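Accompanying notes for the structure given below.
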Amino acid sequence: MIISQDDGICTTTAYYCWKCSDTGTYTAGDKYQENLNSLLSSFSSNTQINSGFYNSSRGQDSNKINAIALCRGDLSQDSCQACLNKSTDILSQNCSNQKEAIIWAEHCMVKYSYSLIFGIKQEDPLKHVPSPNSAKNPQQDRAASGDSLKKIAAGHATVPGGETIYALAQCTPDIDKQNCSNCLKESVSEIQTCCGGKQGGRVLKPSCNLRYEVSLFFRSTADSLVDIPAPVPAAPAPKEAKKKSNIKQTVIIIVVVLVVFVTIFSSICFFFRVKKRRVKLEQDENSEDVGLVEWLRYDFETIRPATDDFSNANKLGRGGFGAVYRN
């Protein structure tokens with residue numbers, strides 16, 4: 042069963058949501074469809090890429106098709122491939138003859154278009170997916186939907202006297218850190234509007250996605266999950282005011298910690314993407330192979346002592362991506 046809404050179509054469980062654009066159509070059997078089928082199959086069948094991010098194009102002029110695909114950063118390669126396989130099948134079945142379409146699955150996203158989409162922040166089409174379950178406490182929900190940022194970052198925090206909130210945010214690696222941050226910040230305000238009174242919710246865009254739940258929904262390890270400390274209690278205050286204050290502090294802490302991770306990982310990933318692209322262009326300027334972005338992950342608690350808590354004594358200067366430290 043599927044549910045149709047103004048901002049797209051979802052399966053009953055919202056495991057898959059897609060949007061078929063009405064900006065143009067192609068004729069069955071023409072060159073555009075041939076290029077599209079070839080491109081989508083290259084994503085779902087390429088087992089050499091383990092970064093979870095794919096981008097490529099096929100064809101020329103009016104028959105050129107561009108596409109990107111992104112798997113959630115905590116997935117194994119097999120799970121990523123399975124998600125891409127199913128997602129591309131759904132697009133082919135439900136958006137036939139459409140020159141532009143996007144699908145958001147629980148574990149991945151695929152978009153194709155006749156327009157240039159790589160390296161460009163895209164916030165449309167937009168899909169809101171609130172949880173079907175109401176929050177046990179509206180204040181706890183507001184804390185959960187308040188903020189969370191990353192490219193990919195995942196974290197959790199417990200509202201004093203309430204539930205544990207799990208959040209995950211991710212950007213496509215082709216956009217720079219500023220556009221990633223802006224995309225997620227705008228998603229933060231949107232999730233408060235779309236998912237009020239719910240135990241979870243998602244804001245889905247082509248360039249970024251943001252999600253929170255009151256149960257663990259991503260694969261975590263001791264060094265991959267940002268353990269966000271509970272806020273320090275303030276001075277005694279009326280019970281209701283104290284609850285709101287604690288919630289507000291929890292929201293702020295989630296935001297600050299995950300924004301730091303967005304900035305660090307965005308800079309590292311962007312540097313290696315540019316470096317790898319330069320090498321690739323030197324090898325074959327006409328190659329249409331699927332692009333690759335290597336994910337690098339560092340434990341923040343490892344980086345901090347290595348730079349003496351980012352002290353000025355270890356600061357070597359500033360580069361194109363910010364301050365540079367020695368270890």
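Letter 173 of the sequence shown, counting from 1, is numbered 214 in this note's numbering, and no numbers are missing.
For each residue, glycine too, the CB sits at the ideal point set by N, CA and C.
Please read all numbers here as calculations on a predicted model, not as lab measurements.
Per-residue burial, Asp71 [other beta carbons within 10 Å of its own, 16 or more giving buried]: exposed
Beta-carbon proximity check, Lys140 vs Tyr67, cutoff 8 Å: yes
N- and C-terminal bounds of the alpha helix (DSSP H) containing Ser83: Lys72 to Ser86
Rounded straight-line distance, which links the Cα of Leu167 to that of Arg113: 18 Å
DSSP-derived helix/strand/coil call for Cys236: coil
Separation of Glu147 from Tyr56, as counted between CA atoms: 5 Å
Opening and closing residue of the alpha helix (DSSP H) in which Thr3 lies: Outside the shown range of the chain (42 to 368) lies residue 3, about which nothing can therefore be said.
Inter-stretch contact at 8 Å, needing at least 3 Cβ pairs: the stretch 156-165 / the stretch 72-84: no
Rounded separation between Trp145 and Tyr95 - CA only: 15 Å
Run of the beta strand (DSSP E) containing Tyr207, from where it starts to where it stops: Thr205 to Cys212
Secondary structure of Lys218, DSSP reduced to three states: helix
Whole-angstrom distance between Ile193 and Ala210, CA atom to CA atom: 6 Å
Cys62, DSSP secondary structure in three states: Sequence inspection shows Ser at residue 62; the Cys mentioned does not correspond to that position. Coil.
Start-to-end residues for the beta strand (DSSP E) that takes in Gly242: Gly241 to Leu245
Cβ-based burial, Val111 [other Cβ within 10 Å; buried from 16]: Checking the displayed sequence, the identity of residue 111 turns out to be Leu instead of Val. Buried, by the Cβ-count rule.
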